[in-house]
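First the structure, in the form of structure tokens, and then the observations on it.
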Amino acid sequence: MHDAPDASLWLLGLAAAFAALAIAGGVSLRLRLSAAPGYLLGGVLLGSFFDIPDTFLHILTTLGAMLILFFLGLEFSPRSLGHRFKQLTVPALWDGFINIPLAFIAAHLMGMSLLASGLFAISAYATSSAVVANGLMDNRLLALPEAELCLGLLVIEDLIMALLLPLSVLFLSSAEANFAGHMLKLAMAFGFVVLIVAVTLFLQRPMARWLTQPAKDLTILASLAMLFLVAGVGESSGVSAAVGALLAGMAVAESGSREHVEELLLPHRELLAVGFFAAIGAGSDWHAIIEAMPVILALALVTFCSKLLSGYLGAKSIGMSPISCIRSGILLTPRGEFTLVVAALAIMQPWGVAFYNTVVGYVIVSAIAGTIAIRYNAPMSRKLSALLTGDT
Amino acid sequence: MKTINEAPLPGIGRKLWLQTKQDERVSIIAYNGGDYEIYLIPKGEEFPTAAVHLSGDEASALGTAFPHERKEQTASSLEVESVVIAPASTHIGVMADSLRIGSAFIAAVEPVAGTSVLQAASHSIKAGDTLYIAGSDADRRKLMEALQADA
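Listed below in structure tokens is the structure:
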């Protein structure tokens, strides 16, 4: 305690940070954009003015990613997955087989190494659930038939990302491990996922009891204890804390305690999600982002178009009208939280800092462009439809 | 009888919709937080031309205007019964869901609000609350005995 910093300094620092983020998020919303790019840009500004310890940013990023993915996990349980997969198999296949290869080729053509291109392709695959959900609500698009298709696809994307993230970690550590080491890591990751699914399916009742404490504060503590336990074991088994958190969310959903855990943890999620975007922004370098802007814009354009195409073909495969197919594509364009989680994995690589800055810039551009596209969904889809049919 | 279609909206809630005889589409968005939105998409239109946002209470009030209520379907082995919490009950302050004995607690109605059905799992039990219990005979009896022991 003797070396503790002056409390007034960090309290004032936190006050400045909260105020800056409130203003940045507020401006973003005033411009009718998602708040996420505002928080990212606010973080970039804070990082350029203040010397924020890397450890603090790392902890904030990890906690934020965990809470965001925990809440994503709450939205689906293993039992309900089978049914949704059947409905959305073909759209999900289009989504994966178009977006991942195109993003890989674009990144490689822009000068990224094979490994960095592969990681970018994975990061750019996932659409931002937060930006799309807000876009659908703010623009009153939930009544449209493509809303459930897009939200369902996002759930599948999140699940596929849960498989791709540990593989990314494995590939990134390839320089340090031999074949046997890889197999051991893969076995540990697989064992962890099997363990969590088994616990989810067979220990629902004890889990529900654990999550149903006699007071709200105890329920919050019990939920966080479970979340941190699964995330911690996930991290040590090579699956990553983020995926552990996603699985913990799925386990809670399956236990039947989703509603009250969600209600109690929501304010914590809101705060830590802001912290996540701000910490990611603060860890980046705005000079590097501006320097990489031509590459960022090119990647954003290619991946915007690839989502348009995959969304169109996916919706078409389940019999939607041409205009609904175009709107589905538009709704799937913004990238966000998962893209940043993948970017954070690369930071320790020799090429990691440049990659990180590029991806942060990419998410800012993509989230802004995606939000605008969702807002102008109607005229855009009509114009694109006219172009496709040659009816001008 | 006309059926209402339903689809989950992950992270938001669920959507119910009905195609009318006039080929209009009425969509209801039931948000996870308990609010509702009703949209009308007229025949031949792509986007809704009317939308209304309702709180849970407003939606319940609106629901009473319709003569045929939507009936909940339960498995034949399940029954529902209710118990009023006595002022001296040792269960006051306890979170409703912690009382599960196999059976599922489904809802609580506060005496003051009268008609407001509260969130089941996170509800902290108060004197005078009416708790509705669903479950198999044996489980329901055990839970009812536990609740009535100190009534």
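These protein sequence lines are chains A and B, in that order.
For what it's worth, my numbering labels the leading residue of the first sequence as 1, then goes sequentially.
For what it's worth, my numbering labels the leading residue of the second sequence as 393, then goes sequentially.
C-beta atoms are modelled at their ideal positions from N, C-alpha and C, and glycine is treated no differently.
Note that this is a predicted model, so its numbers are computed, not measured.
For residue i and residue j, which I take to be in contact (beta-carbon distance under 8 Å), what is that distance rounded to the nearest angstrom?
i, j, result
"Leu109 of chain A", "Val363 of chain A", "20 Å between Cβ atoms; not a contact."
"Gly336 of chain A", "Val131 of chain A", "5 Å"
"Ile289 of chain A", "Val360 of chain A", "6 Å"
"Tyr356 of chain A", "Ile368 of chain A", "About 19 Å; that fails the 8 Å criterion."
"Ala315 of chain A", "Pro91 of chain A", "7 Å"
"Ala253 of chain A", "Leu69 of chain A", "Not quite, the Cβ-Cβ distance comes to about 13 Å (not below 8 Å), so this is no contact."
"Ala35 of chain A", "Gly25 of chain A", "4 Å"
"Ser237 of chain A", "Phe192 of chain A", "4 Å"
"Ile404 of chain B", "Tyr423 of chain B", "6 Å"
Exposed or buried, which one is residue i when buried takes at least 16 other CB atoms within 10 Å?
i, result
"Met183 of chain A", "exposed"
"Ile280 of chain A", "buried"
"Ala467 of chain B", "Unreliable positioning characterises Ala467 of chain B in this predicted model, as indicated by a pLDDT of 49, which lies under 50. The coordinate reading is nonetheless provided below. Counting Cβ neighbours within 10 Å, Ala467 of chain B comes out exposed, since fewer than 16 surround it."
"Arg532 of chain B", "buried"
"Tyr431 of chain B", "buried"
"Lys307 of chain A", "buried"
"Asp158 of chain A", "buried"
"Glu437 of chain B", "exposed"
"Phe56 of chain A", "exposed"
"Glu235 of chain A", "buried"
"Val261 of chain A", "buried"
"Ile525 of chain B", "buried"
"Trp10 of chain A", "exposed"
"Arg205 of chain A", "exposed"
"Asn377 of chain A", "buried"
"Gly249 of chain A", "buried"
"Asn99 of chain A", "buried"
"Pro379 of chain A", "exposed"
"Gln465 of chain B", "With a pLDDT of 42 at Gln465 of chain B, under the threshold of 50, the modelled position of this residue cannot be trusted; read the value that follows with caution. Looking at its Cβ environment, which holds fewer than 16 other Cβ atoms inside 10 Å, Gln465 of chain B is exposed."
"Asp6 of chain A", "exposed"
"Leu454 of chain B", "exposed"
"Phe454 of chain A", "One cannot answer for residue 454 of chain A here, as it falls past the ends of chain A, which runs 1 to 392."
Please report the residue range of the alpha helix (DSSP H) in which residue i lies.
i, result
"Tyr39 of chain A", "35-49"
"Leu523 of chain B", "Not the alpha helix (DSSP H): Leu523 of chain B falls in the beta strand (DSSP E), residues 522-527."
"Gly152 of chain A", "146-172"
"Gly352 of chain A", "352-375"
"Met112 of chain A", "Premise fails: Met112 of chain A is in no alpha helix (DSSP H) and is neither H nor E."
"Gly319 of chain A", "Unbroken run through Gly319 of chain A: none, as it is neither H nor E."
"Val486 of chain B", "Val486 of chain B -> no alpha helix (DSSP H), and no H or E assigned at all."
"Gly13 of chain A", "7-30"
"Phe70 of chain A", "54-74"
Since residue i meets chain B, which of its residues come closer than 7 Å, beta carbon to beta carbon?
i, result
"Ile323 of chain A", "Glu438"
Taking 8 Å as the cut-off, is the beta-carbon of residue i closer than that to any non-hydrogen atom of the ligand SAH?
i, result
"Thr212 of chain A", "Although the ligand SAH was asked about, the structure shown includes no ligands whatsoever."
Residues of chain A with a CB under 8 Å from the CB of residue i: which are they?
i, result
"Tyr431 of chain B", "Arg140, Leu142, Ala143"
"Ile421 of chain B", "Leu142, Ala143"
"Val472 of chain B", "The contacting residues do not exist; Val472 of chain B stays about 18 Å from chain A at best."
List, in chain order, every chain A residue whose beta-carbon is nearer than 7 Å to that of residue i.
i, result
"Leu401 of chain B", "Leu142, Ala147, Glu148, Leu151"
"Ser447 of chain B", "Those within 7 Å of Ser447 of chain B in chain A number zero; the least Cβ separation is about 16 Å."
Please list the partners that residue i has in chain B, where partner means a Cβ-to-Cβ separation under 9 Å.
i, result
"Ser129 of chain A", "Pro402, Gly403"
I want to verify the contact list: residues of chain A whose CB lies under 9 Å from the CB of residue i, in sequence order.
i, result
"Lys407 of chain B", "Leu142, Ala143, Ala147, Glu148"
"Ser490 of chain B", "Arg209, Thr212, Gln213, Pro214"
"Ser443 of chain B", "Correcting the residue type first, residue 443 of chain B is Ala in the shown sequence and not Ser. The contacting residues are Arg140, Ala143."
List, in chain order, every chain B residue whose beta-carbon is nearer than 8 Å to that of residue i.
i, result
"Pro206 of chain A", "Going along chain B, no residue has its Cβ under 8 Å from Pro206 of chain A, so there is no contact; the nearest lies around 12 Å."
"Val155 of chain A", "Pro402"
Q | Every unbroken beta strand (DSSP E) inside the segment 204-250 of chain A [3 residues or more] | A | none
**Q.** Those runs of the beta strand (DSSP E) which lie wholly inside the segment 397-479 of chain B and span at least 3 residues
**A.** 397-401, 405-411, 417-423, 428-433, 442-446, 471-476
**Q.** 4 or more residues per run - each alpha helix (DSSP H) lying fully within the segment 280-305 of chain A
**A.** You should have 286-291.
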